[in-house]
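Engineer:
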Amino acid sequence: MTREVTGNTGTSMTVELDVGSPMSSYTVRRADGTSLGTADFVVVSDVSDVSDVREERIFFCTEVYQDVGRRDLVELLVRKALADSLRENVTVVPMRPMFARHLRENGDSFVASGGVFREPVPDDMDVITRAAFGAGVADVAGVAE
Numbered sequence: 006m007t008r009e010v011t012g013n014t015g016t017s018m019t020v021e022l023d024v025g026s027p028m029s030s031y032t033v034r035r036a037d038g039t040s041l042g043t044a045d046f047v048v049v050s051d052v053s054d055v056s057d058v059r060e061e062r063i064f065f066c067t068e069v070y071q072d073v074g075r076r077d078l079v080e081l082l083v084r085k086a087l088a089d090s091l092r093e094n095v096t097v098v099p100m101r102p103m104f105a106r107h108l109r110e111n112g113d114s115f116v117a118s119g120g121v122f123r124e125p126v127p128d129d130m131d132v133i134t135r136a137a138f139g140a141g142v143a144d145v146a147g148v149a150e
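One rule links them: number in this note's numbering = place in the sequence shown (from 1) + 5.
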């Protein structure tokens, strides 16, 4: 899914969701296709809470490659990721300071809109490590294949 946006400098950019298994990312690009930054996450399915089964997105790396408008680019990535999380009814797990800061400042509004997020726990790092070393999706979720 791609969404075109205009930065504060008037530059046309897109924010794209690149779905992978087990890692995915949001990428912000200039109109010419140059990548300016990413927000990487692992999708964990089969996560149950009391009321339903909910997918989680553990955001573990947010990187912006250009110094121009760095904070603006991060905000674009975070806002797009959170908007998609709302629409797709997934829980956000912010392991990166940029995501955590945004939710600390805007979490009440995100939750009031129907969003769900939780604080990271040590097991989340294990999930990311297994994903980085090529474990299958079921292994990443902690489910035996």
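Don't be surprised by glycine CBs; every beta carbon is placed ideally from N, CA and C.
1) Where does the unbroken beta strand (DSSP E) through M28 begin, and where does it stop?
2) Beta carbon of L22, beta carbon of D89: below 8 Å?
3) Should V69 and V79 be called a contact, given that it needs their Cβ atoms to be closer than 8 Å?
4) Which same chain residues end up closer than 7 Å to M100 when comparing Cβ atoms and leaving out the 5 residues on each side of it in sequence?
5) So, with DSSP's three-state summary, where would you put F65?
6) Applying the 10 Å Cβ sphere with the 16-neighbour rule, what's the burial state of A117?
7) What residues are listed by DSSP as bridge partners for M100?
Structural biologist: For this structure:
1) M28 to R35
2) yes
3) yes
4) Only residues of its own chain outside the window of five on either side were considered, and among them I63, F64, F65, P125 and D129 have a CB closer than 7 Å to the CB of M100, listed in chain order.
5) If DSSP states are grouped into helix, strand and coil, F65 belongs with the strands.
6) exposed
7) Bridge partners of M100: none, in fact.
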